[in-house]
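Trainee: Here this note's numbering is used: the first residue of the sequence shown is 1185, the next is one more, and so on.
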Amino acid sequence: MTTLHETAYPHLKPDPTERELAELFTPTEAERALVAGVGKRPLPRVAALIHLKVFQRLGYFLTLSDVPQVIREHVAQHAGVPRAPALADLKRFEASGSRMVVFTALRRYLNVKPLNPAGYAWLGVVADTAAETKHAVADIINVMLEELVHHRCELPAFSTLDRMAFRAREKSNNQHFSAIAGQLTSQTKTLIDGLLKTATGESASPWQMLKREPKRPTNKETRTYIQHIRRLQHLVEQLPKPDVPVPKLKQFRLLARALNATEMAELKPQKRYALVVIFIRAQHAQSLDDAADLFIRLMQNLENNARQKLLSFQQERVHKTDMLVGQLKDILGAYQLVGTDTQRVEAISTTLVAEVDELLNECEQHLAYAGRNHLPFLLQPYKMVRAQLLNCIDIASPKASSEDLVVERLMEALSKLRDNRADTVPLDMLGLSEDTDLRWMSAQWRKLVLVKPAGKGRAESVRRRYFELAVMHAVKDDLKSGDLFIKFGERYDDYREQLVDDETFERELGDYGQVTGIETEPGAFVSKLKSSMALRAMEIDAGFPENAHAEIVDGRLILRKPPRSDIVEAAARIDGMITERMEAASIVDVMIDTERWLDLHKLFRPLAGTDSRLEDLRMRVITTLFCYGCNLGPV
């Protein structure tokens, strides 16, 4: 059952502050005049005032005995009666027929109406509608509360709302389960039943193997996980795509993950088949995201290792660089000698410390890695992960999220090169053009990738390995930026599919503006936004001279951290004295006492279902909090 504190259902604080009493429970002159017409005696007037102020706060009538005493006394004090009625007198009034007369008068004054049978039927429709897009009972209750307040209806009991929300959720869930199971063929149902059975000699069922998660990306683990993804793809091809709202889809997936094969087999057939379909498709979506994550991680590891190797290479070649600079200095000095050109050439030749070809080779090596160019160092480690990277791209099959299909053509070229071992490949064979397909390459990549014939300015072929690396680098960046999406993925899916259609947008725009208070007419929205931003800019500008944390230097805004407040010497001395006199205590004992006082374990609920599967939840909560506090990770 959902607890009241999980929802927006209003309730009274047992110990309101003086300010809350004054603001919320002090009757006005008009309210005192109202209750004066309800009854002549002090008892009905005070009872009516208490009911009125409590209803204004809660939206429903509460028995007077359930109203905190401090609120009763405060209302009675401001009701103009010499002495507050005793609780026993208030209880007798509650049992009398005058109570309903007071309720009728207060409802008329507040312009609210109680729910009749037609009202409960309407509220059931509201719950059913909310259950179509929300899974948590608390969320459905909140929608019902919002509609009740909007239509100025008296709130029913919380248990009534809870039962209606629960029934609406179960009704919606069963409809989704039936719709999914109805799309399955007998062969598919047989396949699903087979996943829940453990074969002879096996320690785990196929259902448990579907829950496999990626581990540390070693070569062996990567190959194994890619095989797991391919098995999921084979299963997904035989299953329908469920049309279920995202919040429900996530909860169904968590529920399916929490159940083992035996528990799944005990469910009703429709629910069992639907949960299996949802979980397999969810695992497939997660595996596609994992393939993209693996691809990005492998590429980042390659680049990080290449940068480290570049730094090591530059440190090792310091003496070579010094030699080349010294050689250049000697050549320039010889060139400045006074004499004929022949004498200068002879002087230059005498300064050479090595053969010309050897010096040219050293210069070429230095220039190849100039400008912090780490790209050549990608080549050697790339050979070991090439197959894994190509498999990740093949499994994820990224698609362009815009009309620019260059990267898609480049990935098609990668698939053509999978079994190619040539050092250079003609662009014609790949179906690519330098002008249209390779313009995105940086100067460093173009220098390594493109092969231009002597005397021609246009490239006719590419160096295969560098071309593959350049394309994979572009794929990695586009996946991270959203320029590429993965169909059927979850985190890398097409963001455009999450947008509502024009019809839904037009239908719900007015309600959205009414709830949020935002202008929905474009001109009014822009005008209001401009005026509010201009007003805020003027306020900031007016207070800028006194702003000690910001200033403009050379036309740029500079923000400074606020200065640390100095600790008063007396406060520091008192803090030291308190610390000295405090007895040593075990942090675990403190956490145990705190958990016992606050019942912290009740704040941790299972992702699926209502019952915890942990034997000693209190102990697990305490140990987990302790381990997290010590940076040890979860228990």
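Glycine residues also receive a C-beta, built at the ideal position from the N, C-alpha and C atoms. Source: prediction; values computed, not measured.
What number of angstroms, rounded off, separates the C-alpha of residue 1662 from the C-alpha of residue 1303?
Mentor: Spanning the two alpha carbons is a distance of roughly 53 Å.
Trainee: Assign residue 1766 to one of two classes, buried (16 or more other C-beta atoms within 10 Å of its C-beta) or exposed (fewer than that).
Mentor: Looking at its Cβ environment, which holds fewer than 16 other Cβ atoms inside 10 Å, residue 1766 is exposed.
Trainee: Can you give me the C-alpha to C-alpha distance between residue 1372 and residue 1360, rounded to a whole angstrom?
Mentor: C-alpha separation (whole angstroms): 18 Å.
Trainee: Compute the Euclidean distance between the alpha carbons of residue 1785 and residue 1803, then round it to the nearest angstrom.
Mentor: So the alpha carbons of these two residues sit roughly 9 Å apart.
Trainee: With a CB to CB cut of under 8 Å and the five nearest residues on each side skipped, what residues in its chain are close to residue 1660?
Mentor: Closer than 8 Å at Cβ, skipping near neighbours: 1479, 1480, 1483, 1484.
Trainee: Would you mind sorting residue 1778 into buried or exposed? The rule is 16 or more other CB atoms within 10 Å of its CB.
Mentor: It is exposed - the Cβ of residue 1778 has fewer than 16 other Cβ atoms within 10 Å.
Trainee: Once the 5 residues before and after residue 1575 are set aside, which same chain residues still bring their CB inside 7 Å of it?
Mentor: Taken in chain order, the residues that qualify are 1410.
Trainee: Can you name, in chain order, every residue of its own chain whose Cβ lies under 6 Å from the Cβ of residue 1362, other than the five neighbours on each side?
Mentor: Same-chain partners within the cutoff: 1454.
Trainee: Under 9 Å, do residue 1380 and residue 1291 count as touching if we go by C-beta distance?
Mentor: No, they are not a contact pair.
Trainee: Let me confirm a value: residue 1729 is counted as buried when at least 16 other C-beta atoms fall within 10 Å, else exposed. Which label applies?
Mentor: The residue in question, residue 1729, is exposed, as its Cβ has fewer than 16 Cβ neighbours within 10 Å.
Trainee: Starting from residue 1645, trace the beta strand (DSSP E) both ways and give me its first and last residue.
Mentor: Segment 1645-1647, the beta strand (DSSP E) holding residue 1645.
Trainee: From 1560, 1681, 1542, pick the residue whose C-alpha is nearest to that of residue 1631; which is it?
Mentor: Among 1560, 1681, 1542, the Cα nearest to that of residue 1631 is on 1560.
Trainee: Assess contact between the segment 1275-1291 and the segment 1216-1225, defined as three or more Cβ pairs (one per stretch) separated by less than 8 Å. Is contact present?
Mentor: Cβ pair count under 8 Å is three or more, so yes.
Trainee: Beta carbon of residue 1233, beta carbon of residue 1192: below 9 Å?
Mentor: Going by C-beta atoms, residue 1233 is not nearer than 9 Å to residue 1192.
Trainee: Quick one: what's residue 1609 bridged to in DSSP?
Mentor: Answer by DSSP bridge pairing, in chain order: 1646.
Trainee: Closest by CA to residue 1378, which one among 1385, 1391, 1713?
Mentor: The shortest Cα separation from residue 1378 among 1385, 1391, 1713 belongs to 1391.
Trainee: Tell me the DSSP secondary structure of residue 1310 in three-state form.
Mentor: If DSSP states are grouped into helix, strand and coil, residue 1310 belongs with the helices.
Trainee: Do the segment 1423-1440 and the segment 1589-1604 touch if we need at least three Cβ pairs shorter than 8 Å?
Mentor: Segments in contact, no.
Trainee: So the candidates are 1704, 1186, 1252, 1445; which of them puts its Cα closest to the Cα of residue 1198?
Mentor: Nearest C-alpha to residue 1198: 1252.
Trainee: Which full runs of the alpha helix (DSSP H) of 4+ residues lie inside the segment 1249-1285, going along the chain?
Mentor: You should have 1253-1261, 1271-1279.
Trainee: Alpha helix (DSSP H) containing residue 1631: first to last residue?
Mentor: First-last of the alpha helix (DSSP H) with residue 1631: 1627-1633.
Trainee: Assuming residue 1225 is part of the beta strand (DSSP E), what are its boundary residues?
Mentor: Segment: none, residue 1225 is in no beta strand (DSSP E) and carries neither H nor E.
Trainee: Closest to residue 1333 by CA distance: which of 1477, 1307, 1657 is it?
Mentor: The candidate whose alpha carbon is nearest that of residue 1333 is 1307.
Trainee: Hey, could you find the ends of the beta strand (DSSP E) residue 1680 is sitting in?
Mentor: Neither: residue 1680 is in no beta strand (DSSP E) and is coded neither H nor E.
Trainee: By the DSSP assignment, the alpha helix (DSSP H) with residue 1361 in it spans what residues?
Mentor: That run of the alpha helix (DSSP H) goes 1342-1365.
Trainee: Per the DSSP calculation, residue 1740 is bridged to which residue(s)?
Mentor: 1737, per the DSSP bridge assignment.
Trainee: Among residues of its own chain, excluding the 5 on either side of residue 1311, which ones have a beta-carbon nearer than 7 Å to its beta-carbon?
Mentor: Excluding sequence neighbours, residue 1311 sits near 1324, 1328, 1348, 1349, 1352.
Trainee: Using CA coordinates, which residue listed in 1665, 1652, 1627, 1622 is at the minimum distance from residue 1644?
Mentor: Comparing Cα positions, the closest option is 1622.
Trainee: Mind checking residue 1679: buried by the 16 CB within 10 Å criterion, or exposed?
Mentor: Classification for residue 1679: exposed.
Trainee: What residue from 1695, 1416, 1798 has the CA that sits closest to residue 1460's CA?
Mentor: Nearest of 1695, 1416, 1798 to residue 1460, Cα basis: 1416.
Trainee: Evaluate contact between the segment 1576-1584 and the segment 1469-1477, counting only Cβ atoms and requiring at least three cross-stretch pairs below 8 Å.
Mentor: Flag = yes, the segment 1576-1584 and the segment 1469-1477 touch.
Trainee: Measuring CB to CB, does residue 1294 end up less than 9 Å from residue 1239?
Mentor: Contact flag set, yes.
Trainee: Beta-carbon within less than 6 Å of residue 1365's beta-carbon, same chain only, minus the 5 sequence neighbours each way: which residues are those?
Mentor: The answer, listed in chain order, is 1454, 1457, 1458.
Trainee: Less than 9 Å separating the beta-carbons of residue 1806 and residue 1752?
Mentor: Their beta carbons are not under 9 Å apart, which means residue 1806 does not touch residue 1752 by this criterion.
Trainee: Could you have a look at residue 1670 and say whether DSSP puts it in helix, strand or coil?
Mentor: Reduced to three states, the DSSP call for residue 1670 is strand.
Trainee: At the level of alpha carbons, what is the spacing between residue 1735 and residue 1743?
Mentor: If you take the alpha carbons of residue 1735 and residue 1743, they lie about 7 Å apart.
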